[in-house]
Structures are given as structure tokens and as C-alpha cells.
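Student: Take a look at this one; I'll ask things after.
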Amino acid sequence: MTESNVPADTARSTIRAYYDALRNEEPLGPFFADGEIVKFGISETLVGTEAVREGLREQTRTTTDWAVESSALQVTERDDHARFADRVTLSWTDTERQVRYEFDTRWSGTLERRSDDGTLTTDEHATWRFVGMHVSTAGDV
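Right, here's the structure in full:
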């Protein structure tokens with residue numbers, strides 16, 4: 001997935017495209033904004049653009065067979081920002097350990113509408129980017 005393939009029309013379509021990219025084992029970095037961003041995964045904390053993108057590259061390199069089933073996506077969109085929450089059944093295979101994982105997860109996060117130069121904008125043709133994402137599970141990892 002290139003930056004130009006990240007949908008721009010709504011925050012909801014960007015979130016759904018992210019789920020699709022995860023299922024299809026496509027690059028996830030383009031979905032995240034540049035700058036002071038944060039991504040909390042089930043067992044990780046990534047702060048800053050480079051850490052998030054490197055973590056996602058490593059995830060793509062060491063995992064396969066993703067299943068992502070959204071069951072309660074809620075999105076509130078404003079002119080230049082949006083927030084979301086979802087319940088997602090998430091499973092994948094760790095290719096290094098040869099272990100299959102499955103979790104009922106809770107997702108929440110914030111997106112901003114960003115122009116090509118990365119600045120915040122209300123331009124309806126600008127691209128929605130994640131600036132914060134939190135994925136957690138109620139169970140032990």
C-alpha cells in the first residue's frame with residue numbers, strides 16, 4: 001500500500017482500509033501521520049513515526065494469516081479530526097515461533113485529516129491518518 005492508496009473520503013473508510021491492509025499483509029505505515037504519534041499494541045508501546053513504522057514493518061515480516069473481524073465500529077468525525085472505538089476478533093500466526101494467536105480485542109484511536117505536506121487541514125480531499133491507536137485485550141497475553 002502506498003500513501004496514495006490510503007483512502008481520503010472518511011475516517012471510517014480509512015479504518016476499514018487499515019483492517020483490510022492488515023488482513024492482506026500490506027504495509028501499514030502509510031496509515032499513520034508523521035510526528036508525535038503513539039500506537040499501543042497488545043504487548044507493545046510505540047512512540048513517534050519511526051518507531052511506529054518500524055514496529056509495523058517488523059510485525060508484517062514476522063506474522064501471517066491475519067483474520068480481522070470488526071463487530072462494533074463507532075466513528076465520530078469532525079472537520080479535521082476523528083475518534084473511533086471497535087471490538088475486533090484478531091488472529092494471526094507468528095512465523096518465527098510457529099504459534100497461532102487469537103484475541104478478542106478492543107480498539108480506540110484518533111485520526112487527523114492531513115494535507116500532502118503533513119499539516120492539519122479541513123480540506124475534504126486530504127487523507128485521514130492515525131495519530132493515536134490503542135489495541136488491548138481483557139485476557140492475558
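Residue numbers (the working numbering): 1 to 141. Just so it is clear, CB atoms sit at the ideal spot from N, CA and C, and this is done for glycine as well. These figures come from a predicted structure and were not determined experimentally.
1) For the beta strand (DSSP E) that contains Ser221, what are its first and last residues?
2) Under DSSP, the alpha helix (DSSP H) around Val6 begins and ends at which residues?
3) Only counting runs of 3 or more residues, tell me where the beta strand (DSSP E) segments fall wholly within the segment 41-116, in order along the chain.
4) Could you give the C-beta distance for Thr14 and Phe31, rounded to a whole number, given that I count them as a contact under 8 angstroms?
5) Thr137 by DSSP, collapsed to three states: which one?
6) So, with DSSP's three-state summary, where would you put Arg14?
7) Tell me which residues share the same chain as Ser71 and place their Cβ nearer than 6 angstroms to its Cβ, disregarding the 5 neighbours each side in the sequence.
8) Where Thr137 and Phe40 are concerned, what is the direct C-alpha to C-alpha distance, given to the nearest angstrom?
9) Answer yes or no: do Glu25 and Thr49 have a C-beta to C-beta separation smaller than 9 angstroms?
10) Quick one: is Val47 buried, meaning 16 or more other Cβ sit within 10 Å of its Cβ, or exposed?
11) Looking at the structure shown, is Gly132 part of a helix, part of a strand, or coil, going by DSSP?
Tutor: Once the coordinates are examined:
1) For residue 221 there is no data in the structure shown, the boundaries of the chain being 1 and 141.
2) Run containing Val6: none; DSSP gives neither H nor E here.
3) 45-47, 63-70, 74-77, 81-94, 99-114
4) 7 angstroms
5) strand
6) The question names Arg, yet the displayed sequence has Thr at residue 14. The answer is helix: DSSP assigns Thr14 an H, G or I state.
7) Arg87
8) 11 angstroms
9) no
10) exposed
11) strand
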